[in-house]
Amino acid sequence: MLAVFAVEIAPRVHYNGNNTYLVKERTFSMTEQSKYQILLYYKFVPVPDAEQFAAEHLAYCKELNVKGRILIADEGINGTVSGTVEQTEQYMRDMHANPLFADMVFKVDEAEGHAFRKIFVRYKKELVTLRYEKPLDPNTLTGTHLSPKEFHEYLQREDVIVLDGRSDYEYDLGHFRGAIRPDLKTFKEFPEWLRENMADLKDKPILTYCTGGIRCEKLTGVMLSEGFTDVYQLDGGIVTYGKDEEVKGRLFDGKCYVFDERISVPINRTDESVVVGKCYHCGTPAEMYINCADDTCHRQHIVCPDCETSHNGFCSAECEDNVKVG
Numbered sequence: 006m007l008a009v010f011a012v013e014i015a016p017r018v019h020y021n022g023n024n025t026y027l028v029k030e031r032t033f034s035m036t037e038q039s040k041y042q043i044l045l046y047y048k049f050v051p052v053p054d055a056e057q058f059a060a061e062h063l064a065y066c067k068e069l070n071v072k073g074r075i076l077i078a079d080e081g082i083n084g085t086v087s088g089t090v091e092q093t094e095q096y097m098r099d100m101h102a103n104p105l106f107a108d109m110v111f112k113v114d115e116a117e118g119h120a121f122r123k124i125f126v127r128y129k130k131e132l133v134t135l136r137y138e139k140p141l142d143p144n145t146l147t148g149t150h151l152s153p154k155e156f157h158e159y160l161q162r163e164d165v166i167v168l169d170g171r172s173d174y175e176y177d178l179g180h181f182r183g184a185i186r187p188d189l190k191t192f193k194e195f196p197e198w199l200r201e202n203m204a205d206l207k208d209k210p211i212l213t214y215c216t217g218g219i220r221c222e223k224l225t226g227v228m229l230s231e232g233f234t235d236v237y238q239l240d241g242g243i244v245t246y247g248k249d250e251e252v253k254g255r256l257f258d259g260k261c262y263v264f265d266e267r268i269s270v271p272i273n274r275t276d277e278s279v280v281v282g283k284c285y286h287c288g289t290p291a292e293m294y295i296n297c298a299d300d301t302c303h304r305q306h307i308v309c310p311d312c313e314t315s316h317n318g319f320c321s322a323e324c325e326d327n328v329k330v331g
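Heads up: take any position in the sequence shown, counting from 1, add 5, and you land on the working numbering.
Written as structure tokens, this is what we have:
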């Protein structure tokens, strides 16, 4: 018997030929235009035999024909998947049918197509790589969760410090007004950065935020372990703040960087939205991230439409010369 997903991966997706699939006795044609959805989710929960579960979950996702990036660890699951409405709704039902993930929250975005080219499921030691010297369990040690409305109200207080829990390149595309920009490329740099840059702020109320919430679960745990006393996190992250019908993303400027082929999504749904990104080449306001056209570089950088054309998609003259020589 298969562990964890033994019942759930019974053949509920069956190929009938003629590009038609049967999903729980409902058919849809892959040749017809279908609406798509993108799911963002995480759950910190002990997963028995997590490596085996990762292998089984990959087989299940392939059978369902969803695409995405899913990380599974002994401490839980973290994923983003895309598929048709039928496929993604089935995925959510199946996950909720598993007692481990019965209350897992899914953030759902509509899409015109897949946000990924393939399905990627991998076992990792940590859902977000931190390598902190102390064990961290967000179920027992994490910052106070604030709803989008509560976070919005806290942002307008003069006594709070707002800390972006993401990397510098994510901040550069969009961030909350007044937030501290961490000069970091990877999440695992945060503990040392906190010690060097915020040691004198441990008694201040600190608001943290990230894309979907998972990084702040760990970041605020680190902060509490390091002696910070008044730490908060945006429940559901930037994505949930943008979807809230009351705040409508009002105090977030720019766009939110996402780790799929969309690269960025709008958050502020009011007429107060501003562009905060700057073109890598000329410095004018811009919010389009592209990868350098040199396959040996692929540096991700923000460009304006004019510079994307004039620089032919390259981040530098050297990269363009490399391609010409090659």
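Idealized CB from N, CA, C, for every residue including glycine.
Helix, strand or coil at Asp258 according to DSSP, with G and I counted as helix: Indexing the sequence shown from 1 puts residue 258 at position 253. The answer is strand: DSSP assigns Asp258 an E or B state.
Residue range of the alpha helix (DSSP H) that includes Asp276: Taking the sequence shown and counting its residues from 1, the one referred to as residue 276 is at position 271. Careful: Asp276 lies outside any alpha helix (DSSP H) and carries neither H nor E.
Through-space distance from Lys209 to Phe264, alpha-carbon basis: Numbered from its first residue, the sequence shown carries residue 264 at position 259. Numbered from its first residue, the sequence shown carries residue 209 at position 204. Rounded to whole angstroms, Phe264 to Lys209 spans 32 Å at the Cα level.
Under the three-state DSSP convention, the category Thr93 falls into: Position 88 of the sequence shown, counting from 1, holds the residue named residue 93. In this structure, Thr93 counts as helix in the three-state DSSP scheme.
Bridge partners - Leu239, DSSP secondary structure assignment: Counting from 1 along the sequence shown, the entry for residue 239 is found at position 234. Paired residue(s): Leu151.
CA-to-CA distance, Gly288 to Gly327, given in whole angstroms: Counted from its first residue, the sequence shown places residue 327 at position 322. Counted from its first residue, the sequence shown places residue 288 at position 283. One detail in the question is off: residue 327 reads as Asn in this sequence, not Gly. Those two C-alpha atoms are separated by around 24 Å.
Where the alpha helix (DSSP H) containing Asn144 begins and where it ends: Indexing the sequence shown from 1 puts residue 144 at position 139. Per DSSP, Asn144 belongs to no alpha helix (DSSP H) and is neither H nor E.
Cut-off 6 Å between Cβ atoms - residues of its own chain near Ala364, not counting five sequence neighbours on either side: Since the displayed the chain opens at 6 and closes at 331, residue 364 lies outside it and no answer follows.
Thr275, buried or exposed, once every other Cβ within 10 Å from all chains shown has been counted against 16: Translated into the one-based positions of the sequence shown, residue 275 becomes position 270. Taking a 10 Å sphere around the C-beta of Thr275, we find fewer than 16 other C-beta atoms and assign the residue as exposed.
Burial state of Glu37 (16 or more Cβ within 10 Å): If you number the sequence shown from 1, residue 37 lands on position 32. In this prediction, Glu37 scores a pLDDT of 41, lower than 50, which makes its location untrustworthy; no coordinate-derived value is stated.
Cβ neighbour criterion (16 or more within 10 Å) applied to Glu30: The residue labelled residue 30 in the question sits at position 25 within the sequence shown. Because Glu30 sits at a pLDDT of 36, beneath the cut-off of 50, its placement in the model cannot be relied upon, and the following sentence gives the value as read from the coordinates. Glu30 is exposed by the Cβ-count criterion.
8 Å Cβ shell around Glu220 - same chain, five flanking residues per side excluded: Mapped onto the sequence shown, residue 220 falls at position 215. Note on residue identity: the sequence assigns Arg, not Glu, to residue 220. Same-chain partners within the cutoff: Val133, Gly170, Arg171 and Phe192.
Coil, strand or helix - Ile295 by DSSP: One-based indexing of the sequence shown puts residue 295 at position 290. Note: Ile295 maps to strand in three-state DSSP.
Three-state secondary structure assigned by DSSP to Thr245: As a working note, residue 245 is residue 240 in the sequence shown. In the displayed model, Thr245 falls within a helix according to three-state DSSP.
Contained alpha helix (DSSP H) runs [length at least 4] in the segment 194-233, N- to C-terminal order: With a minimum length of 4 residues, the continuous alpha helix (DSSP H) runs that stay inside the segment 194-233 are 195-202 and 219-230.
Alpha-carbon to alpha-carbon, Glu68 and Val279: As a working mapping, residue 279 is identified with position 274 in the sequence shown. As a working mapping, residue 68 is identified with position 63 in the sequence shown. Answer to the nearest angstrom: the Cα atoms are 42 Å apart.
Own chain partners of Asp142 with C-beta closer than 8 Å, once the 5 adjacent residues on each side are dropped: For the purposes of this step, residue 142 is identified with residue 137 of the sequence shown, where counting begins at 1. Counting only Cβ-Cβ distances below 8 Å, and skipping sequence neighbours, we find Phe49, Glu80 and Gly226.
According to DSSP, residues forming a beta bridge with Tyr47: Mapped onto the sequence shown, residue 47 falls at position 42. Beta-bridge pairing links Tyr47 to Asn83.
Coarse secondary structure for Lys123, derived from DSSP in three states: For the purposes of this step, residue 123 is taken as residue 118 along the sequence shown, with counting starting at 1. Of the three classes helix, strand and coil, the one that applies to Lys123 here is coil, per DSSP.
Cβ shell of Asp311 (< 7 Å), same chain only, five flanking positions each side left out: Your numbering for residue 311 matches position 306 in the sequence shown. Excluding residues within five positions, none has a Cβ falling inside 7 Å.
Per DSSP, the bridge partner or partners of Phe340: Nothing can be reported for residue 340: it is not among the residues displayed for the chain, which extend from 6 to 331.
Rounded C-alpha distance that separates Asp300 from Gly241: Numbered from 1 along the sequence shown, position 295 holds the residue referred to as residue 300. Numbered from 1 along the sequence shown, position 236 holds the residue referred to as residue 241. When rounded, the distance between both Cα atoms is 35 Å.
Cβ contact check for the segment 121-131 and the segment 59-73: 3 or more pairs under 8 Å: yes
For Gly218, the nearest candidate out of Tyr46, Thr93 and Gln42 (CA to CA): Here residue 218 is taken as the residue at index 213 of the sequence shown, counted from 1. Closest option to Gly218, Cα to Cα, is Tyr46.
Exposure of Glu175, with buried meaning 16 or more beta-carbon neighbours within 10 Å: Residue mapping note: residue 175 aligns to position 170 of the sequence shown, counting from 1. The Cβ neighbour count for Glu175, taken over all protein chains shown within 10 Å, is at least 16; the residue is labelled buried.
8 Å contact criterion, which His180 and Val281 should meet: CB distance rounded: Here residue 180 is taken as the residue at index 175 of the sequence shown, counted from 1. Here residue 281 is taken as the residue at index 276 of the sequence shown, counted from 1. Indeed they touch by this definition, with Cβ atoms about 7 Å apart.
Local Cβ density within 10 Å of Glu201, reported as buried at 16 or more and exposed below that: Here residue 201 refers to the residue found at position 196 when the sequence shown is read from its first residue. Burial call: exposed.
Close Cβ partners of Ser315 (< 6 Å) along its chain, the five nearest in sequence each way excluded: Your numbering for residue 315 matches position 310 in the sequence shown. Excluding residues within five positions, none has a Cβ falling inside 6 Å.
Status (buried if at least 16 other CB within 10 Å, exposed otherwise) for Thr89: Walking along the sequence shown from the start, residue 89 turns up at place 84. Looking at its Cβ environment, which holds 16 or more other Cβ atoms inside 10 Å, Thr89 is buried.
Buried/exposed call for Glu251, threshold 16 Cβ in 10 Å: As a working note, residue 251 is residue 246 in the sequence shown. By the 10 Å Cβ count, Glu251 comes out exposed.
Buried or exposed (CB count within 10 angstroms, at least 16 for buried), Gln238: Mapped onto the sequence shown, residue 238 falls at position 233. Label assigned to Gln238: buried.
Rounded separation between Val52 and Leu105 - CA only: Taking the first residue of the sequence shown as 1, we reach residue 52 at position 47. Taking the first residue of the sequence shown as 1, we reach residue 105 at position 100. About 8 Å.
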